[in-house]
Amino acid sequence: AQSVSQHNHHVILSEAASLELGCNYSYGGTVNLFWYVQYPGQHLQLLLKYFSGDPLVKGIKGFEAEFIKSKFSFNLRKPSVQWSDTAEYFCAVTLNTGGFKTIFGAGTRLFVKA
Amino acid sequence: DGGITQSPKYLFRKEGQNVTLSCEQNLNHDAMYWYRQDPGQGLRLIYYSQIVNDFQKGDIAEGYSVSREKKESFPLTVTSAQKNPTAFYLCASRTGAYGNQPQHFGDGTRLSIL
């Protein structure tokens, strides 16, 4: 079955620390990859996406992610986190299964200490 | 403003009753989705629809039903067969031509079964 795995459920960092959140998916076909963020009390919103081309993609607020096809991974990174990055982060994969099925990982709650 | 409207925001029902959650979008999106969000489990896909009068089961469709009679509307019915219906339900939509477009999300409906 298709699935998305996020390895860290809770992450606590101090401001200025570097961040890397892991995401792996299981699907052998073509995928489109997304990271979404949910700030407290707000909608899910798009951080960045990958569908083709340069496997290193840049998103909003200094986030970036790298697609490594051989590892079925799409890890999210930020060199220096801020207190305002405290949120829940979701990795998502869209599969073309006759319709565009989008499945999500379990999410990672990030808390950044000021 | 274009967006996705879910109603009601909070819903209480007695055990054994069917209940229908509304989702309407004015974004002219082709594809619509229903997810269930539980703490620690991320968003789990219930049903999705690529076009009017067509929909497909997601990963946890048992105990749920949907219809897609209009492009703008994708109501979800939680039936009495759903063993643990108390949860937060999110509706999403995207332009349907390619799977590389991000989803847009509603505010969600919190369902509590008494």
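Residue numbers (the numbering used here), protein chains in the order written: chain A, 10 to 123; chain B, 727 to 840.
Cβ atoms here follow ideal geometry from the backbone N, Cα and C, with glycine treated the same way.
Any C-beta of chain A under 8 Å from that of residue i
| i | result |
| --- | --- |
| Phe831/B | yes |
| Gly728/B | no |
| Pro828/B | yes |
| Ala787/B | no |
| Gln782/B | yes |
| Ala757/B | yes |
| Tyr815/B | no |
| Leu753/B | no |
Own chain, CB closer than 7 Å to residue i, minus 5 neighbours either side, in chain order
| i | result |
| --- | --- |
| Phe76/A | Leu42, Tyr59, Pro64 and Phe83 |
| Arg762/B | Arg770, Ile772, Ile786, Ala813 and Tyr815 |
| Ser791/B | Thr803 and Thr805 |
Proximity test, Cβ basis, 8 Å: residue i and chain B
| i | result |
| --- | --- |
| Gly116/A | yes |
| Thr103/A | yes |
| Lys124/A | Beyond the ends of chain A as shown, which are 10 and 123, falls residue 124/A; an answer cannot be given. |
| Ile21/A | no |
Close beta carbons around residue i, own chain, < 6 Å, minus the five adjacent residues each side
| i | result |
| --- | --- |
| Ser27/A | Pro88 |
| Ala115/A | Gln15 |
Residue i beta carbon near the ligand FMN (any heavy atom closer than 7 Å)
| i | result |
| --- | --- |
| Val778/B | Of ligands this structure carries none, so the ligand FMN is not represented either. |
Integer Cβ distance of residue i from residue j, believed to fall under 8 Å
| i | j | result |
| --- | --- | --- |
| Thr821/B | His755/B | 5 Å |
Beta-carbon neighbours of residue i, restricted to chain B and to distances below 7 Å
| i | result |
| --- | --- |
| His18/A | Gly766 |
| Leu55/A | Pro828 |
Contacts around residue i, its chain only, beta-carbon distance under 8 Å, and the 5 residues preceding and following it disregarded
| i | result |
| --- | --- |
| Glu682/B | Residue 682/B cannot be examined here, being either before or after the span of chain B that is shown, 727 to 840. |
| His830/B | Gly729, Ile730, Gln751, Leu753, His755, Ala818, Ser819 and Arg820 |
| Asp94/A | Leu28, Lys70, Lys87, Leu119 and Val121 |
Under 7 Å by beta carbon: chain A residues contacting residue i
| i | result |
| --- | --- |
| Gly825/B | Asn41, Thr103, Asn105 and Phe109 |
Top-ranked residue by Cα proximity to residue i, from the options
| i | options | result |
| --- | --- | --- |
| Leu56/A | Gly834/B, Leu837/B and Gln827/B | Gln827/B |
| Ala74/A | Leu22/A, Ala25/A and Phe99/A | Phe99/A |
| Ser12/A | Gly50/A, Leu22/A and Val40/A | Val40/A |
| Trp92/A | Gly38/A, Leu22/A, Thr106/A and His18/A | Leu22/A |
| Ala818/B | Phe738/B, Lys735/B, Ala757/B and Val745/B | Ala757/B |
| Asn33/A | Ile112/A, Leu53/A and Ala123/A | Ile112/A |
Listed by chain order, chain A residues near residue i by CB distance under 9 Å
| i | result |
| --- | --- |
| Leu802/B | In chain order: nothing, as chain A lies at least about 16 Å away. |
Chain A contact residues for residue i, given Cβ-Cβ distances below 8 Å
| i | result |
| --- | --- |
| Tyr790/B | Correct list: empty, because the minimum Cβ distance to chain A is about 16 Å. |
Chain-ordered chain B contacts of residue i [CB-CB under 8 Å]
| i | result |
| --- | --- |
| Phe58/A | For the sequence presented, residue 58/A should be read as Lys rather than Phe. Asn826 and Pro828, listed in chain order. |
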